[in-house]
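In the numbering used here, each residue carries its 1-based index in the sequence shown increased by 565. Where is the CB? At the ideal position from N, CA and C, for every residue including glycine. I have placed the structure first, in the form of structure tokens, so that the comments after it can refer back to it.
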Amino acid sequence: MSADLARALFEHSPFSTVVYDRDGRIVAVNAAFEKLFGLTRRTIPPGYSVLTDPQLEAAGYLPAVRRAFQGEAVILPLVFYDAAALDGVGRSSWTQGHFLPMRDATGALTGVALMHVDLTERVESEEARRLSEERLLAQSELARAQVTATLESIGDAFYAIDADFRFTYVNRQAEALWGRARETLLGRHYWTEFPQAVGSEAYRQHLVVMRERRPAHFEAVSPVIGRWVEVSLYPDDATGGLACYFRDITERKAAEAALRESEARFRLMADAVPQIVWITDDQGRTEFFNRQWTAYTGAAFDPGTAAQIAADYVHPDDAAITLERFDEARRTGRVFEVEHRIRSAAGDYRWFLVRAEPYRDPDTGEIVRWFGGSVDIHDRKQAEAERERLLAAERSARAEADSARATAVANERRLAAVIAHLPIGVTFAEAPGGRHSVSNPAAVAIWGVVPASPAVDAYSRDFVGFRPGPGAPGSAEERARQLASEEWPLARALVKGEVVRDELTEIERPDGTRRLVSLSAAPVRDADGRVDGALVTTVDVTERERLLADAQAARREAEAANRAKSEFLAVMSHELRTPLNAIGGYAELLEMGIRGPVTPQQREDLARIQRSQRHLLGLINEVLNYAKVEMGVVHYDLADVCVRDVLAAAEGLVAPQARAKGLVLTVTDSPADLSVHADADKLRQILVNLLSNAIKFTDTGGRIVLSCEASSDGTVRLRVRDTGVGIPADKLEVIFDPFVQVRSDLTRTAEGAGLGLAISRDLARDMGGDLTVESTTGAGSTFTLTLQRA
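Here it is in structure tokens:
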């Protein structure tokens, strides 16, 4: 139909016709519209849109109108419309509206035409309708002709059937899709002409709409043409039948399936790489994070904006520069790149290099998405910090300038290598054969050759690998450990779909050298779950394993040396105790007069010998006790011990010493039901040692307090507080080291071997507790023994 003819038909049509744009605003009205409603184009309020018409909304017809603006042909039932509500002077009328989508040559929706059938007289007066039957019939026929012309021009296929499912109308688009002329269908039964449709989704929907008289919209494969179609069914109350619009959407369906498959492949590939991969739309709203994001942050992907991600996970000091750089990249269309810190699931922050490329619409050139990745560069940043420290040292110390400069240059080279090449080798092989198609530089460096095997069965020919174990190179044991082609992790992922993680393998490179590597492999599957390829990562762990072995050997040597020292101390202490006991025995015999009367001077000398013997024997016993603790041969009889009883016992053992020195010893009362989980003898030994030290280093007239306190964390704290000389701040920790004596200038006879506190702390820790100290020089000390409450 020519444009002039269409314009003439529009202008002179006796049926009210309105043309809307895609937003529902009026573009044109014909004279019949002005006559029907008493309105002109100029008197219609500016900004009016049929998509927001309050009268249509009140009648519940706006959903149907919106479908028309989405490309469907829609028939509104009888509706009363008061045009005076628009401009105050319009007329009201009863009409039936036909909304017909208008499309251009490409099939794109350009607007919607609305034709009104004026049924006012029929509604208002049955008599008038009877008298004007012929006129209404003529109008109906003219309307049918115009509707038919419209239906022939629309891009959708259309047909109408009566209540008996017989075709009453078929447009030319339906003829083209079915490959049938309308003359062969009109008046014939739908299911007789298309028996293959019986029982199909279209069949069921036709029956439902015919029975329930409500519209239906669905997509299905047409059994008539064997292609996907989009179908809209409307009940026709005038005929009791149905009107159907349908279009071929096979290509759209194929495109949707291809898109889903592409997205699935992308997700699999993205989840296989060790870095964080992400996608946002052009406004910065996140659309995708791979599983490494969840593994690192502990948070499942939740769509949000770049600002929200920055606020929730990026370090507060880095959030502003991140958003500034991203906004600049969106504004200029250049690559987005920034370094910032991201919070992990454990709560600590690590540095990441973030880089994203814009993706542009092929047709418009506009940016529609950003594809980005975040690479952990925390080690590099630490190396950079180390470089800055070295440079600062170079500026401050001229004598070390050359050395510092060389170190900085070396660090820069290492950093450049880290940036240019990931330390993890990555290789991809295609299914089903297993041909290597992609290998990164790190993989080439680790294997010593570009992986390029053409198939799985060639892996054992192109690569030599062994499972770690005994056997010299070339031996029978090693030959038994050599990997066959199908045993390589990459082959297992390809052939069996197996996921292999951190499998240690010794490889022999083309130059004959060997490296110990950790291999991980995973299959890459297509949308149907079939293995489409496999990815393998290679990490060279040779040096790590060597260092681990050296560390374990060093630890064993240190433990052996420590045991030898403890055994030596124990043996020497036992050897010294025997003659010391003999000295004590002979001194007692002499004091008893076994060699004759003892003069007062001799008795005083014997007393000195006995005191020295007991002092030396005490030192040896301390050494023996410490050796037992350190060797782990001390037996603990752990039980519930009453705190009140153990405090009383300790007080009884040291009270005479305190009184003899003129000290005030106070023991605070404790609840009768307060108990600790400990060895009673070891607990008493610790308290006696602490009290004895307090007595030794507190001057006459001083005070010593033994107290206890139950804490809310399930522990009990026993404290020994004195008003003695105190301990210097720099000695508060070393006093617990063996053989340490803080004040050698004090009474020398009061000092021991310096093992009492070391033994006491070891005993406390072996019982699940601890021993700590607080002190101020000249103001006394407080020793706190913490144990688990029973």
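*Residue of A722, W935 and D1302 minimising C-alpha distance to G672*: Taking the first residue of the sequence shown as 1, we reach residue 672 at position 107. Ranking A722, W935 and D1302 by Cα distance to G672 puts A722 first.
_Residue of D802, Y810, P788 and H681 minimising C-alpha distance to E717_ = Taking the first residue of the sequence shown as position 1, residue 717 is located at position 152. The candidate whose alpha carbon is nearest that of E717 is Y810.
*asked:* Between the alpha carbons of Q1166 and I1159, how many angstroms are there, rounded?
replied: In the sequence shown, counting from the first residue as 1, residue 1166 sits at position 601. In the sequence shown, counting from the first residue as 1, residue 1159 sits at position 594. The straight-line gap from Cα to Cα measures roughly 17 Å.
_Tell me the residue span of the beta strand (DSSP E) that contains V1371._
Nothing about residue 1371 can be reported from this structure: the residues present for the chain run from 566 to 1355 only.
*Is it right to say W935 is buried, meaning 16 or more other beta carbons lie within 10 angstroms of its own, or is it exposed?*
Indexing the sequence shown from 1 puts residue 935 at position 370. It counts as buried.
*Closer than 6 Å by C-beta to G998: which residues in its own chain qualify, once you throw out the five before and the five after it? Chain order, please.*
Here residue 998 refers to the residue found at position 433 when the sequence shown is read from its first residue. Counting only Cβ-Cβ distances below 6 Å, and skipping sequence neighbours, we find A1020.
*Do the CB positions of T1102 and V991 come within less than 7 Å of each other?*
To locate residue 1102, count along the sequence shown from 1; it is residue 537. To locate residue 991, count along the sequence shown from 1; it is residue 426. Closer than 7 Å, so yes.
_Distance CB(R731)-CB(E740) smaller than 7 Å_ = As a first step, residue 731 must be located in the sequence shown, where it is residue number 166. As a first step, residue 740 must be located in the sequence shown, where it is residue number 175. For R731 and E740, no; Cβs fall outside 7 Å.
*Proximity to L1171 [Cα-Cα], best of G1227, E1153 and P1162*: Residue numbering aside, residue 1171 sits at position 606 when the sequence shown is read from its first letter. That would be E1153, whose Cα lies nearest to the Cα of L1171.
*To the nearest angstrom, how far is it from the Cα of A921 to the Cα of N1005?*
The residue labelled residue 921 in the question sits at position 356 within the sequence shown. The residue labelled residue 1005 in the question sits at position 440 within the sequence shown. Those two C-alpha atoms are separated by around 20 Å.
*Using the Cα positions of V842 and D588, report the straight-line distance between them to the nearest angstrom.*
For the purposes of this step, residue 842 is identified with residue 277 of the sequence shown, where counting begins at 1. For the purposes of this step, residue 588 is identified with residue 23 of the sequence shown, where counting begins at 1. Cα to Cα, the separation comes out at about 39 Å.
*Helix or strand or just coil, what does DSSP make of D944?*
To locate residue 944, count along the sequence shown from 1; it is residue 379. Residue state for D944 is assigned as helix, using DSSP reduced to three classes.
*Coil, strand or helix - L980 by DSSP*: Here residue 980 corresponds to residue number 415 of the sequence shown, with the count starting at 1. Only weak support exists for where L980 lies, its pLDDT of 40 falling under 50; the value from the coordinates is given anyway. The answer is helix: DSSP assigns L980 an H, G or I state.
_DSSP has H663 in a bridge; who is on the other side?_
Translated into the one-based positions of the sequence shown, residue 663 becomes position 98. Partner(s): I640 and M680.
*With 16 other CB atoms within 10 Å as the buried threshold, where does E821 fall?*
Here residue 821 refers to the residue found at position 256 of the sequence shown. Answer is exposed; the Cβ neighbour count stays below 16.
_Helix, strand or coil at P988 according to DSSP, with G and I counted as helix_ = Stepping through the sequence shown from its first residue, residue 988 is reached at position 423. Coil, per DSSP.
*Range of the contiguous alpha helix (DSSP H) that encloses F811*: In the sequence shown, counting from the first residue as 1, residue 811 sits at position 246. DSSP places F811 in no alpha helix (DSSP H) but in the uninterrupted beta strand (DSSP E) bounded by G806 to D813.
_Unbroken stretches of the alpha helix (DSSP H), 4 residues or longer, contained in the region 1047-1121_ = 1054-1061
_Across the region 1211-1227 and the region 1332-1339, are there enough close Cβ pairs to call them in contact, namely three or more that are closer than 8 Å?_
no
_For D801, the three-state DSSP class (helix, strand or coil)_ = In the sequence shown, the residue the question calls residue 801 occupies position 236. Strand at D801.
_Reduced DSSP secondary structure (H/G/I, E/B, other) of P760_ = Counted from its first residue, the sequence shown places residue 760 at position 195. Here P760 sits in helix by DSSP.
_What would DSSP say about S909, mapped onto helix, strand or coil?_
In the sequence shown, the residue the question calls residue 909 occupies position 344. Residue state, collapsed to three classes: coil.
*asked:* Among the candidates S1272, R1066 and I591, whose CA atom is the shortest distance from the CA of V1211?
replied: Counting from 1 along the sequence shown, the entry for residue 1211 is found at position 646. Nearest C-alpha to V1211: S1272.
*N-terminal and C-terminal residue of the alpha helix (DSSP H) that D1246 is part of*: Mapped onto the sequence shown, residue 1246 falls at position 681. Note, D1246: alpha helix (DSSP H), A1245 to K1261.
*Simplified DSSP assignment, three categories, for R656*: Taking the first residue of the sequence shown as 1, we reach residue 656 at position 91. Here R656 sits in coil by DSSP.
*Given a threshold of 16 other Cβ atoms within 10 Å of its Cβ, counted over all protein chains shown, does E1298 qualify as buried or as exposed?*
For the purposes of this step, residue 1298 is taken as residue 733 along the sequence shown, with counting starting at 1. When all chains shown are included, E1298 counts as exposed.
*asked:* By the three-class DSSP mapping on this structure, what secondary structure does Y1201 have?
replied: The sequence position of residue 1201 within the sequence shown is 636, counting from 1. Correct three-state label for Y1201: coil.
*Terminal residues of the beta strand (DSSP E) in which T582 lies*: For the purposes of this step, residue 582 is identified with residue 17 of the sequence shown, where counting begins at 1. Unbroken beta strand (DSSP E) run through T582: S581 to Y585.
*asked:* By the three-class DSSP mapping on this structure, what secondary structure does T1342 have?
replied: Position 777 of the sequence shown, counting from 1, holds the residue named residue 1342. Under the three-state reduction of DSSP, T1342 is assigned to coil, being neither helix nor strand.
*Give the straight-line distance between the Cα atoms of Y734 and I726, rounded to the nearest whole angstrom.*
What you label residue 734 is simply residue 169 of the sequence shown in a count that begins at 1. What you label residue 726 is simply residue 161 of the sequence shown in a count that begins at 1. Y734 and I726: Cα-Cα distance of roughly 7 Å.
*asked:* If you reduce the DSSP assignment to three classes, tell me which class P923 lands in.
replied: In the sequence shown, counting from the first residue as 1, residue 923 sits at position 358. DSSP places P923 in strand when its eight states are reduced to three.
_Once the 5 residues before and after D1067 are set aside, which same chain residues still bring their CB inside 7 Å of it?_
By one-based count along the sequence shown, residue 1067 stands at place 502. If we look at D1067 and ignore the five residues flanking it on each side, its Cβ neighbours are S1083 and S1085.
*CB contact flag (P1303, T1342, <7 Å)*: The sequence position of residue 1303 within the sequence shown is 738, counting from 1. The sequence position of residue 1342 within the sequence shown is 777, counting from 1. The answer is no: Cβ separation not under 7 Å.
*Taking C-beta to C-beta, are A1049 and P1088 nearer than 7 Å?*
Taking the first residue of the sequence shown as position 1, residue 1049 is located at position 484. Taking the first residue of the sequence shown as position 1, residue 1088 is located at position 523. Not a contact, by the Cβ cut-off of 7 Å.
*asked:* Between which two residues does the alpha helix (DSSP H) holding V768 run?
replied: Walking along the sequence shown from the start, residue 768 turns up at place 203. The amino acid occupying residue 768 in the given sequence is Tyr; Val does not appear at that position. First-last of the alpha helix (DSSP H) with Y768: E766 to E777.
_Contact check, L1328 vs K1247, beta carbons under 7 Å_ = Locating residue 1328 in the sequence shown gives position 763, counting from the first residue. Locating residue 1247 in the sequence shown gives position 682, counting from the first residue. Contact flag set, yes.
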